[in-house]
Amino acid sequence: MTSQEVDQKAIFIGTNKQNYVSDYNHEISVVAFGASNTVALWNPLDKSQKGVYHTLKKHTGEVTGVKFLPNTPFLVSVAEDNQVNVWKQKSDKTFYEHFQTLEGHENSVTCIAEINEHVFVTGGADHNIIIWLFDGGEFRLGHKFQVKSNFYPLALAVQNLDDEGNYVLAVGGTTSSIYIYTFQIDKTSIGKFSTSEELMGHEDWVKCLQFVVQSENKDFILASGSQDRYVRLWRLKLNEFIDDSDEDPNKLILLSNKQYKFQYGDNKRAAFSFEALIMGHDDWISGIQWHPSYKYQKRSSASLSSGSTQAEQKLQLLTATADTALMIWEMDEESGIWVCVSRLGEMSIKGASTATGASGGFWSCLWFVDPSSQDEYVLASGKTGAIRAYKSTSAGDGADSRYFEEVLGVTGAVGPITDVKWSLEGDYFMATSLDQTTRLYAPWKRTKDGESTTTWHEIARPQIHGYDMICLDNITSTKFVSGGDEKILRVFELTKSIDESLKELSNVNINTENSILPDFASLPVLGLSNKADAQIQEEEKNDDERDDDEKEGEQSDEDKFKEREEGPAGASPHSVPPLESFLQRNSLATETEKLYGHGYEISCCTTSPSGQLIATACRSNNAKHAVIRVFNVSKDYQQSSQVLAGHNLTISSLEFSPDGKYLLAVSRDRQFSLWRVVNEANAEFELLELNAKAHSRIIWDCSWLTVQDYFVTVSRDKQLKLWKVDDANNKVELINSLKVDEPIISVSAYKGEWEQDKNVVAIGLESGSIKIISVSLQDEGKLEEVYSIGSDLTPSDRISKLSFSNKLIDGVFYLAVGSNDTSVRLYALLKTICQ
Numbered sequence: 004m005t006s007q008e009v010d011q012k013a014i015f016i017g018t019n020k021q022n023y024v025s026d027y028n029h030e031i032s033v034v035a036f037g038a039s040n041t042v043a044l045w046n047p048l049d050k051s052q053k054g055v056y057h058t059l060k061k062h063t064g065e066v067t068g069v070k071f072l073p074n075t076p077f078l079v080s081v082a083e084d085n086q087v088n089v090w091k092q093k094s095d096k097t098f099y100e101h102f103q104t105l106e107g108h109e110n111s112v113t114c115i116a117e118i119n120e121h122v123f124v125t126g127g128a129d130h131n132i133i134i135w136l137f138d139g140g141e142f143r144l145g146h147k148f149q150v151k152s153n154f155y156p157l158a159l160a161v162q163n164l165d166d167e168g169n170y171v172l173a174v175g176g177t178t179s180s181i182y183i184y185t186f187q188i189d190k191t192s193i194g195k196f197s198t199s200e201e202l203m204g205h206e207d208w209v210k211c212l213q214f215v216v217q218s219e220n221k222d223f224i225l226a227s228g229s230q231d232r233y234v235r236l237w238r239l240k241l242n243e244f245i246d247d248s249d250e251d252p253n254k255l256i257l258l259s260n261k262q263y264k265f266q267y268g269d270n271k272r273a274a275f276s277f278e279a280l281i282m283g284h285d286d287w288i289s290g291i292q293w294h295p296s297y298k299y300q301k302r303s304s305a306s307l308s309s310g311s312t313q314a315e316q317k318l319q320l321l322t323a324t325a326d327t328a329l330m331i332w333e334m335d336e337e338s339g340i341w342v343c344v345s346r347l348g349e350m351s352i353k354g355a356s357t358a359t360g361a362s363g364g365f366w367s368c369l370w371f372v373d374p375s376s377q378d379e380y381v382l383a384s385g386k387t388g389a390i391r392a393y394k395s396t397s398a399g400d401g402a403d404s405r406y407f408e409e410v411l412g413v414t415g416a417v418g419p420i421t422d423v424k425w426s427l428e429g430d431y432f433m434a435t436s437l438d439q440t441t442r443l444y445a446p447w448k449r450t451k452d453g454e455s456t457t458t459w460h461e462i463a464r465p466q467i468h469g470y471d472m473i474c475l476d477n478i479t480s481t482k483f484v485s486g487g488d489e490k491i492l493r494v495f496e497l498t499k500s501i502d503e504s505l506k507e508l509s510n511v512n513i514n515t516e517n518s519i520l521p522d523f524a525s526l527p528v529l530g531l532s533n534k535a536d537a538q539i540q541e542e543e544k545n546d547d548e549r550d551d552d553e554k555e556g557e558q559s560d561e562d563k564f565k566e567r568e569e570g571p572a573g574a575s576p577h578s579v580p581p582l583e584s585f586l587q588r589n590s591l592a593t594e595t596e597k598l599y600g601h602g603y604e605i606s607c608c609t610t611s612p613s614g615q616l617i618a619t620a621c622r623s624n625n626a627k628h629a630v631i632r633v634f635n636v637s638k639d640y641q642q643s644s645q646v647l648a649g650h651n652l653t654i655s656s657l658e659f660s661p662d663g664k665y666l667l668a669v670s671r672d673r674q675f676s677l678w679r680v681v682n683e684a685n686a687e688f689e690l691l692e693l694n695a696k697a698h699s700r701i702i703w704d705c706s707w708l709t710v711q712d713y714f715v716t717v718s719r720d721k722q723l724k725l726w727k728v729d730d731a732n733n734k735v736e737l738i739n740s741l742k743v744d745e746p747i748i749s750v751s752a753y754k755g756e757w758e759q760d761k762n763v764v765a766i767g768l769e770s771g772s773i774k775i776i777s778v779s780l781q782d783e784g785k786l787e788e789v790y791s792i793g794s795d796l797t798p799s800d801r802i803s804k805l806s807f808s809n810k811l812i813d814g815v816f817y818l819a820v821g822s823n824d825t826s827v828r829l830y831a832l833l834k835t836i837c838q
């Protein structure tokens, strides 16, 4: 099989909650961001709007920061695994390969800053700050130091002061001060490193720092953001531009006009002075970005005399905060006060802040310009894992008339994926995650200028829960059941809004019976059950004790309906894939039932092909709770009086046979049990076999083949085993087995119809590898590995779940993959894999 026979159609992965988690390369228009233990790459200006197109694997801990080194082919990433990894562009420039791993930190690396192609700086939880230098061939440690023994660096900013190799380094962290250092670079070594000043003024930890050069007056400005909710601006003057009037002993010096003077280089002078205080945010400052026309200029003294681009653009500052706000600030020319000229993001929930334990809001931000259209883009990542994108649009003549509107960004889970299931028709799939969400992914099909394009996107978020999600399965085309890290299961019905989105975007009709679906669903405050909007409105209407003060400022029901109909910024929510603001509020499914009975957290669930039975199991360390409970959908989800017992430990996976005759269960006790469905209407079962020697280690997963009465099991013992049900003799026979080089975590067999005489099985391994196995029943059940998806396309952690679509889409197999690296990936495999 050639590399052209597998195509990675989509990668859905969320950003980490770190302040330096993302960066933008304006030369190739690529955003890199930390996603679990990988570095994800995304082109926000790509007209196909595919989303994340590649992930870089090397780190073993969560990535805490990434930086592109300007004017070089290098990308640097830092993580909780103590490592600093350097990546280098491949020949096509949009892909990177590992170049070098830098050792020096002894604990998690917390922050990173770059200045040019020769220098970048990292700070870590080991208290150390390291200056790294490029000697022409590789990067190496230039200088290592600590601010003080009880100080953890959280923010860094570096600026070169002249063409003689003089640099200034600002360090912020777990005190309210900003520490200033100066150093020289003499070819490939650090010289004259010295502690210079301590800037005081903030009242809490400093979380972000960034320098900017002002060409018109040859000054530098340092912006600092803190947990005290304020941004301070500090002006840095050099040599003859320093004001020495404060040296008069009779002049009163206050904190606001104090100059922090120091020397650098060969007896050169510099001084920081407090410039401005920016206030207006209600929570921690998490990100700062100067306008890109300043950021991307050549950072040297030569650039101080050429400010043609800057002359056309006012000095502006973007701030992102934990109150879910993005603000653009600029100085009012008349008063000299910095004022907010644009506010993006959302209004934060009343009473929700980091002080009350909320982890919402934005964690990082980026600001860049599209070189072809000169449109400005603002990106922000938050707790949901999505990167929200805002694009500037001109409302008239002049820069002052620009405003921003939200456009399509990227979305993905921020917790390990636990289950993946295709729809009954095989047109779209859903995934559950330990980030307490259930997400629905579907294709966006459109035709422009006679050319058809299909990309995959998150179309809905049917469940946003208070518990980690574990499993799900389809009941009908509009209903599904899911189990979280709680003792109950919940049944959901998709809404009319989701139905319309799938029709308009994917040409998929889920409501084939034309039943009445609820319009929208909402999650009540302090509740876990999604309810139809009409139900919530009726409850609120009857709540006479509701405080009138709480009603002030809320949207009316008419306004809410209008917002949902029109979508964000007045655009139809069905013309493009839903944006993050819509997904969080208006794409929930309605909860219709709760299923009780288990004594511990749910471990797995499955439904019969007819949708009449739901079989579930829970975590257990004894035989009493290691049972299967069955619920009868046709009898109002009544639990069957028959409890299917036999296992001793947690049942890890359940699956009905395609014809609905059998129910298969595999367990951590190394056994599988096979149950015959005696009477589906009354949920009656009989035990066909309990195989005590199925595998020598935990059995993780199982899957039925297309051919009747054949199934496969996979285990930690590294084996895939093929079994046949001998119904006449009431037993199960082992047909064949295949051993690979590491534990197998998940398995999925293609169950659709196709012309080959071989069955196709995909297995997911502990390392993240994915192998395709052909099963030839005509050749005594021969198991043969026919393809292994390349390591550059696979996840970086164990595969938690695999799922084949039950039909060929565009003539190819579609395989959805969930991983512990928080990613959901979609692969298209050509049919030739079994030829």
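Taken in order, the sequence shown gives residues 4 to 838; the numbers are from my numbering.
Ideal Cβ placement from N, Cα and C applies to all residues, glycine included.
Because the structure is a prediction, the values reported are computed rather than measured.
Checklist entry - Nearest to GLU596 by CA position, among GLU428, ARG622 and ILE491, is which residue? => result The residue labelled residue 596 in the question sits at position 593 within the sequence shown. Among GLU428, ARG622 and ILE491, the Cα nearest to that of GLU596 belongs to ILE491.
Checklist entry - If we call anything under 9 Å between Cβ atoms a contact, is VAL417 one with GLY388? => result By one-based count along the sequence shown, residue 417 stands at place 414. By one-based count along the sequence shown, residue 388 stands at place 385. Yes; because the gap between Cβ atoms is below 9 Å, this pair is in contact.
Item to check | Neighbourhood of LYS734 by C-beta distance below 7 Å, restricted to the same chain and skipping five residues each side | outcome: Here residue 734 refers to the residue found at position 731 of the sequence shown. Within the same chain, LYS734 has close Cβ partners GLU692.
Checklist entry - Excluding sequence positions up to five away, which residues of its chain have a Cβ less than 8 Å from the Cβ of GLU663? => result Taking the first residue of the sequence shown as 1, we reach residue 663 at position 660. Position check: residue 663 holds Gly in this sequence, whereas Glu was assumed. Take GLY663, set aside five residues on each side of it, and the residues of its chain with a beta-carbon closer than 8 Å to its own are SER611, PRO612, SER613, VAL680 and GLU683, in chain order.
Checklist entry - When DSSP labels each residue in this structure, what does GLU736 get in the three-state scheme? => result Position 733 of the sequence shown, counted from the start, is the residue given in the question as residue 736. GLU736: strand per DSSP, three-state reduction.
Item to check | Closest Cα partner of GLY268 within the set ILE188, SER345 and HIS294 | outcome: Residue 268 sits at position 265 when you count from the first residue of the sequence shown. When only C-alpha atoms are compared, the closest one is ILE188.
Item to check | C-alpha gap between ILE467 and GLN439, whole angstroms | outcome: Taking the sequence shown and counting its residues from 1, the one referred to as residue 467 is at position 464. Taking the sequence shown and counting its residues from 1, the one referred to as residue 439 is at position 436. So the two alpha carbons sit approximately 6 Å from each other.
Checklist entry - Of all the options SER676, TRP237 and TYR170, which has the alpha carbon lying nearest to the alpha carbon of ALA629? => result Your numbering for residue 629 matches position 626 in the sequence shown. Nearest of SER676, TRP237 and TYR170 to ALA629, Cα basis: SER676.
Next on the checklist: Under DSSP, the alpha helix (DSSP H) around GLN266 begins and ends at which residues?
Outcome noted: As a working note, residue 266 is residue 263 in the sequence shown. Unbroken run through GLN266 is the beta strand (DSSP E), 262-267; no alpha helix (DSSP H).
Next on the checklist: Pairs of beta-carbons, one from the segment 796-809 and one from the segment 749-759, closer than 8 Å: are there three or more?
Outcome noted: yes
Checklist entry - My guess is that HIS101 and LYS61 are in contact by the Cβ rule of under 8 Å, so how many angstroms apart are they, rounded? => result In the sequence shown, the residue the question calls residue 101 occupies position 98. In the sequence shown, the residue the question calls residue 61 occupies position 58. Contact flag correct, Cβ pair sits at about 5 Å.
Next on the checklist: What ranges does the beta strand (DSSP E) occupy inside the segment 153-209, keeping only unbroken runs of at least 3 residues that lie completely in it?
Outcome noted: 156-163, 169-176, 181-189 and 192-202
Item to check | ALA43 versus LYS264 - alpha carbon distance | outcome: Within the sequence shown, numbered from 1, the residue matching residue 43 stands at position 40. Within the sequence shown, numbered from 1, the residue matching residue 264 stands at position 261. Straight-line Cα distance between these residues: approximately 42 Å.
Item to check | Distance CB(VAL122)-CB(ILE132) smaller than 9 Å | outcome: Translated into the one-based positions of the sequence shown, residue 122 becomes position 119. Translated into the one-based positions of the sequence shown, residue 132 becomes position 129. Taking 9 Å as the Cβ cut-off, VAL122 and ILE132 do not qualify as a contacting pair.
Checklist entry - Using CA coordinates, which residue listed in SER296, THR327 and LEU212 is at the minimum distance from LYS317? => result Here residue 317 corresponds to residue number 314 of the sequence shown, with the count starting at 1. The option with the nearest alpha carbon to LYS317 is SER296.
Checklist entry - Between the beta-carbon of VAL124 and the beta-carbon of THR67, is there less than 9 Å? => result Translated into the one-based positions of the sequence shown, residue 124 becomes position 121. Translated into the one-based positions of the sequence shown, residue 67 becomes position 64. It is not a contact, given that the beta carbons lie outside the stated cut-off.
Checklist entry - Among TRP726, TYR184, LYS534 and ASP712, which residue has its Cα nearest to the Cα of ASN694? => result Counting from 1 along the sequence shown, the entry for residue 694 is found at position 691. Comparing Cα positions, the closest option is TRP726.
Item to check | When PHE407, GLU141 and HIS130 are compared against LYS147, the one with the closest alpha-carbon | outcome: What you label residue 147 is simply residue 144 of the sequence shown in a count that begins at 1. Checking every option, the nearest Cα to that of LYS147 belongs to HIS130.
Checklist entry - Could you give the residue range of the beta strand (DSSP E) that holds ASP476? => result Working through the sequence shown from its first residue, we reach residue 476 at position 473. 472-477 is the span of the beta strand (DSSP E), which, as asked, contains ASP476.
Item to check | Whole-angstrom distance between TRP678 and TYR665, CA atom to CA atom | outcome: Walking along the sequence shown from the start, residue 665 turns up at place 662. Walking along the sequence shown from the start, residue 678 turns up at place 675. When rounded, the distance between both Cα atoms is 5 Å.
Checklist entry - When burial is assigned at 16 or more other CB atoms within 10 Å of the CB, is TYR599 buried or exposed? => result Reading the sequence shown from its first residue, position 596 is the one you call residue 599. Taking all protein chains shown into account, TYR599 has fewer than 16 neighbouring C-beta atoms within 10 Å of its C-beta and is therefore exposed.
Checklist entry - Can you find at least 3 beta carbon pairs, one from the segment 767-777 and one from the segment 67-82, that sit closer than 8 Å? => result no
Checklist entry - What do you get for ILE340, buried or exposed, if any count of 16 or more other CB atoms within 10 angstroms of its CB means buried? => result As a position in the sequence shown, residue 340 is number 337, starting the count at 1. Exposed: under 16 other Cβ atoms inside 10 Å.
Item to check | Span separating the alpha-carbon of VAL715 from that of LYS53 | outcome: One-based indexing of the sequence shown puts residue 715 at position 712. One-based indexing of the sequence shown puts residue 53 at position 50. VAL715 and LYS53 have their C-alpha atoms some 35 Å from each other.
Checklist entry - Which class does VAL710 belong to by DSSP, given the choice of helix, strand or coil? => result Numbered from 1 along the sequence shown, position 707 holds the residue referred to as residue 710. Coil, per DSSP.
Item to check | Separation of ILE501 from ALA463, as counted between CA atoms | outcome: Reading the sequence shown from its first residue, position 460 is the one you call residue 463. Reading the sequence shown from its first residue, position 498 is the one you call residue 501. Rounded to whole angstroms, ALA463 to ILE501 spans 7 Å at the Cα level.
Checklist entry - What three-state label does DSSP hand PRO73 in the structure shown? => result For the purposes of this step, residue 73 is identified with residue 70 of the sequence shown, where counting begins at 1. Of the three classes helix, strand and coil, the one that applies to PRO73 here is coil, per DSSP.
Next on the checklist: Please report the distance separating the alpha-carbon of THR359 from that of TRP287.
Outcome noted: Locating residue 359 in the sequence shown gives position 356, counting from the first residue. Locating residue 287 in the sequence shown gives position 284, counting from the first residue. Bear in mind that the predicted position of THR359 carries a pLDDT of just 45, short of 50, making it too unreliable to give a figure here.
Item to check | For TYR23, the three-state DSSP class (helix, strand or coil) | outcome: By one-based count along the sequence shown, residue 23 stands at place 20. Three-state result, TYR23: strand.
Checklist entry - Span of the beta strand (DSSP E) holding SER670? => result Against the sequence shown, residue 670 aligns to sequence position 667. SER670 -> beta strand (DSSP E) spans 665-670.
Checklist entry - When DSSP labels each residue in this structure, what does PHE634 get in the three-state scheme? => result Here the question's residue 634 lines up with position 631 in the sequence shown. In this structure, PHE634 counts as strand in the three-state DSSP scheme.
Next on the checklist: Using only the alpha-carbon positions, how far apart do PHE137 and LYS91 sit?
Outcome noted: Taking the sequence shown and counting its residues from 1, the one referred to as residue 137 is at position 134. Taking the sequence shown and counting its residues from 1, the one referred to as residue 91 is at position 88. Distance between the alpha carbons of PHE137 and LYS91: 13 Å.
Checklist entry - Taking GLY64 as the reference, which of ASP84, PRO73 and LEU72 has the closest Cα? => result Reading the sequence shown from its first residue, position 61 is the one you call residue 64. Selected option, being the one with the closest Cα: ASP84.
Next on the checklist: So, for VAL413: in the same chain, excluding its five sequence neighbours on each side, which residues have a beta-carbon less than 7 Å away from its beta-carbon?
Outcome noted: Within the sequence shown, residue 413 is the residue found at index 410, counting from 1. Correct list, in chain order: TRP45, GLY54, VAL55, ALA389 and ILE390.
Item to check | Closest Cα partner of ARG673 within the set GLU658, PRO661 and LYS696 | outcome: Counted from its first residue, the sequence shown places residue 673 at position 670. Checked all of GLU658, PRO661 and LYS696; the closest Cα to ARG673 is LYS696.
Item to check | Sequence-distant residues of the same chain with beta carbon closer than 6 Å to PHE634, five excluded per side | outcome: Within the sequence shown, the letter at position 631 stands for residue 634. LEU598, ILE617, TYR640 and GLN642.
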